[in-house]
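Below: the structure, in structure tokens.
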Amino acid sequence: MKTHARVVVIGGGVVGVSTLYHLALKGWSDIVLLERAELTAGSTWHAAGLLPLFNMSYTVGQLHKYSVDLYKRLPAETGQDVSFHVTGNLRLATCSERMDEYQKYCGTANTIGVPFKVISPSEVRELWPLIDLGDGAGTAKIVGALYHPDDGHIAPADLTMALRKGARARGAEINEQTEVTAVKRTPSGEWHLTTNLGEIIAEHVVCATGNYARQTGRMFGLNVPSIPVEHQYIVYDQSPELKAYRQAGGRELAVLRESDQSYYLREERMGWILGPYEAGAPARFADGVPDWFGKNLFEGDLDRLLPHVEAAQRRVPCLANCGIKDIVNGPIAYTPDGSPLIGPAWGVRNLWLNEGHSFGITAAGGSGWQLAEWLVEGEPGIDMLAVDPRRYGPYTSKRYVVQKNEETYRNVFVIHFPDEERKDARPAKTSPVYDKLKRMGAVFGQRYGWERANWFAPPGVAPLDRWSFRRSNYFEHVGNEALNLRRHVGVIDLTPFTKHEVWGPGAEAWLDGLVANKVPTKIGRIALCHALTRRGGIRTEFTITKIADEHYYVVSAGAAERYDSDYLLKQLPQDGSVTLHNITMSRGCFVVAGPRSREVLAKLTDTPLDNASFPWLTGQVSEVGLATEVYLLRVNFVGALGWELHFPIEYAHHLFDAIFAAGKDCNIAMAGMRAMESLRLEKSYRMWGSDLTPDYTPYEAGLDRFVRLNKGPFVGKDALERQLANGVPHRFITFEIHGVKDADPLGNEPLFDLDGNMVGRATAGYYGHTLRKSLGLGYIKPEYATVGTEIAIEILGERKRATVLVDSPYDPDNKDLKA
Ligand SMILES: Cc1cc2nc3c(=O)[nH]c(=O)nc-3n(C[C@H](O)[C@H](O)[C@H](O)COP(=O)(O)OP(=O)(O)OC[C@H]3O[C@@H](n4cnc5c(N)ncnc54)[C@H](O)[C@@H]3O)c2cc1C
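Residues in the sequence shown are numbered from 1 upward in steps of one, following the numbering used here.
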């Protein structure tokens, strides 16, 4: 074993070996993989080998697509067969909402170039002659299906061996029977790893340890939110009917998924493999994998599987004639949202995670590809926010992860409604006024562990969501909240905002070098600033207020707490000239906005609120009611006259009551997240994470006025200059969709020109209750971005006409917010 390497990958499952392969492909040969047993000894050896391209996530969809393409190429490159059976993949639907889900998915598939077809029941029968289409009595009727012709299943061990060959051929070293047992930092900042076979020093370490992610994380001081869950599949004996079908020349049947019954079925040696995602599967190894568990499996639990076996037998009657040969029950790594953890670890440098894979055979290629890109180039090549390990925060306690992972596992096949809010491990993090909001009818959702009021059920209306891809039970109430804010005054609890304070003689210069806009130099000024990637993409959005000399207050999205904090910390100058404090938990935030907000707040503060004393985009440290040290910022995300009150958290109850008492005669009412979504779309305000991502630069996002190329160096500046010289490939647009009955866009829908060519993609959409228009935001080729251009959008399978609107179609001159 080498004693020094540029990168050590810990873990020789398919994910670790793929990471090694892709690092080698990028030209790094001084790389070593350490595996405690033999390659594939973790979950990889017993995986069923399915490669579903279906995934609702724009990011994960791209990773899976890359994998499937790579696995087709690998045998020719390496000389190692991988048994890729391109059988296609058939997902059945037995209700219209499931078809809505498939249609929604088709939008994502279209925008990332995954081939698919939505097919009829008779086409299902043609593809899958052994199926019972259902009569609606004993067996639910199939109403349609989604078919992917390009995927299928593979032999996971062969795939791993092909990747191994590819990596070794490029100089990578692989050591089996080599367990990493301890880690420390060398004085020069490298990693010193102790193994049973000796010591090795590495510049970078990648953890790809599957079910061991938690104990590996602990060696590095990290609480990694990945805990495995039991997952089973049944291997059947040969099926006489299948044999007859194949002997008569029938092609291998597509992998079948009956989503509404939560199972998959595929051929295996003239028999079947049936894999349910069942309720009651327990999380395992929450405290780490015990020593006795090597290449082992758990005892099969047929009782848990039986309802799915019976459902599968109704759908594929010949299954009942097959005996069960084996039950494979193994640990499958999970995370609370079901997506893997791919990217840098938080709080430590040169440590990378490729952990938490529940579809690791499918994702291995793509995750290795992007992690290698990130490590070698300093940035990933695509937007990786959806899988970035820093999307989780310190709230992922062991119990939280156990509960969420079990919930996510049993929900793999549920309909993925865009407004779905799962129930387990809640409430976890609450704003101090949570109970007050609940009494006001709040219907909560959860983001980054926080409970957030999505909408408020008025008296007499049940505070419950009916999830849908279309306008649902809360539509009218959300509209009333939005309209009340536009006409009178609304309050939004945005306590989850990420909040940092930055002090010191170097504060201004440091922040200025991180963002594209000019950081405010005058006390009390606020600037919207974007931190960019080196490729010029939008990393994050900060609202920066200069509170005092050498003192800045930096606010960003609530879900970006660890992501932003980690970035800021890692960029902090080492000379002590800047101090950074994450104060997210010690300040709350209420937005008070609407034409009567000044009247309400004037009753609570002596700070003059008129335009001359307190103009738009300024902030003051004020007393409000009994509360002191309130950062009163004249900004908001809804495009109304209003202030954000960032207050010491201990004043939350007092301020909340005082604001409502002061607003009693002004029609004051709460507004939730969904009303905010409607209001911000009317103002074309871009949301970090959906509209603003590393895939697009500020020029593409139409944020030119927040870029100061003449101010001196900042991260991403060179890339922006290059883009200006070469041409900006996309433009951000706001558009109105015509003829919408009940389905507004939600993001990831393809945009077309009138000849049917795909020319862009939507990133968000909803109904603008003030404008009474169905609205979308998105990116499009520049020639279609002119106001008035007619385009088309596909929403749930229907092509709709749309027109490009002026940016900020509600109050384009900002008269309201400057009133
Ligand atoms: C029953 C079942 C069926 C499945 N079917 C599918 C499927 O059809 N399609 C699909 O995409 N996915 C499937 N999966 C999931 C898939 O198996 C995993 O996502 C995938 O194998 C994860 O690969 P990995 O490399 O991340 O982890 P692993 O394969 O578990 O590899 C991790 C490796 O790290 C090593 N290691 C741990 N700690 C150390 C250390 N300290 N030092 C050195 N080495 C260490 C371990 O020995 C292990 O070999 C299935 C899982 C199960 C349980």
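By construction, the Cβ of each residue, glycine as well, lies at the ideal position given by its N, Cα and C atoms.
Beta-carbon separation (whole angstroms), residue i vs residue j, contact threshold 8 Å
| i | j | result |
| --- | --- | --- |
| Y766 | D744 | 5 Å |
| V624 | L609 | The pair is not a contact, with the Cβ atoms about 11 Å apart (cut-off 8 Å). |
| L777 | A764 | 5 Å |
| E541 | W688 | 5 Å |
| E834 | Q403 | No answer is possible for residue 834: the residues shown for the chain start at 1 and end at 819. |
| G42 | G13 | 4 Å |
Where residue i falls: helix, strand or coil (DSSP)
| i | result |
| --- | --- |
| W191 | strand |
| H231 | strand |
| Y264 | strand |
| T533 | coil |
| G524 | coil |
| V414 | coil |
| D665 | helix |
| G365 | helix |
| T394 | The residue asked about is misnamed: residue 394 is Pro in this sequence, not Thr. Looking at P394 - three-state DSSP - the assignment turns out to be coil, as it is neither helix nor strand. |
| W510 | helix |
| V309 | helix |
| L796 | coil |
| E379 | coil |
| Q620 | strand |
| F752 | strand |
| N473 | coil |
| N223 | coil |
| W503 | strand |
| W467 | coil |
| C322 | coil |
| M270 | coil |
| C589 | strand |
| W374 | helix |
| R349 | coil |
Rounded C-alpha distance that separates residue i from residue j
| i | j | result |
| --- | --- | --- |
| V82 | L159 | 5 Å |
| G639 | D807 | 13 Å |
| L641 | P595 | 6 Å |
| N211 | A364 | 15 Å |
| P389 | N411 | 22 Å |
| H653 | H148 | 53 Å |
| H175 | N329 | The sequence given here places Asn at residue 175; His does not occur at that position. Their Cα atoms are separated by approximately 28 Å. |
| G702 | R731 | 7 Å |
| Y810 | E682 | 5 Å |
| A802 | A167 | 49 Å |
| I737 | K800 | 7 Å |
| L53 | D151 | 7 Å |
| A169 | S29 | 10 Å |
| R526 | L617 | The sequence as given places Ile at residue 526; Arg does not occur at that position. Rounded to whole angstroms, I526 to L617 spans 5 Å at the Cα level. |
| G760 | R304 | 45 Å |
| E379 | D718 | 15 Å |
| K295 | Y102 | 37 Å |
| D753 | Y784 | 8 Å |
| T19 | E550 | 43 Å |
| G88 | Y236 | 21 Å |
| P820 | T697 | In the structure displayed, the chain extends from 1 to 819; residue 820 sits before or after that span and is not available. |
| W45 | L51 | 15 Å |
| A140 | W128 | 17 Å |
| F637 | T362 | 39 Å |
| E629 | S622 | 6 Å |
Exercise. Counting pairs of beta carbons, one from the region 357 to 373 and one from the region 392 to 399, are three or more of them closer than 8 Å?
Worked result: no
For this session: Would you check if there are 3 or more beta carbon pairs closer than 8 Å linking the region 504 to 523 to the region 778 to 796?
Result: no
For this session: Would you check if there are 3 or more beta carbon pairs closer than 8 Å linking the region 122 to 134 to the region 197 to 206?
Result: no
For this session: Check whether the region 477 to 486 touches the region 755 to 775, counting contact only when three or more Cβ pairs, one atom from each stretch, lie closer than 8 Å.
Result: yes
Exercise. Counting pairs of Cβ atoms below 8 Å between the region 277 to 284 and the region 100 to 115, do you hit three or more?
Worked result: no
Exercise. So does the region 35 to 44 actually touch the region 313 to 326, counting three or more Cβ pairs closer than 8 Å?
Worked result: no
Problem set entry | Inter-stretch contact at 8 Å, needing at least 3 Cβ pairs: the region 454 to 462 / the region 94 to 103 | no
Exercise. If you pair each beta-carbon of the region 532 to 548 with each one of the region 709 to 727, do three or more pairs fall below 8 Å?
Worked result: yes
For this session: Would you check if there are 3 or more beta carbon pairs closer than 8 Å linking the region 219 to 234 to the region 246 to 253?
Result: no
Exercise. Do the region 331 to 349 and the region 21 to 28 make contact, defined as three or more Cβ pairs closer than 8 Å?
Worked result: no
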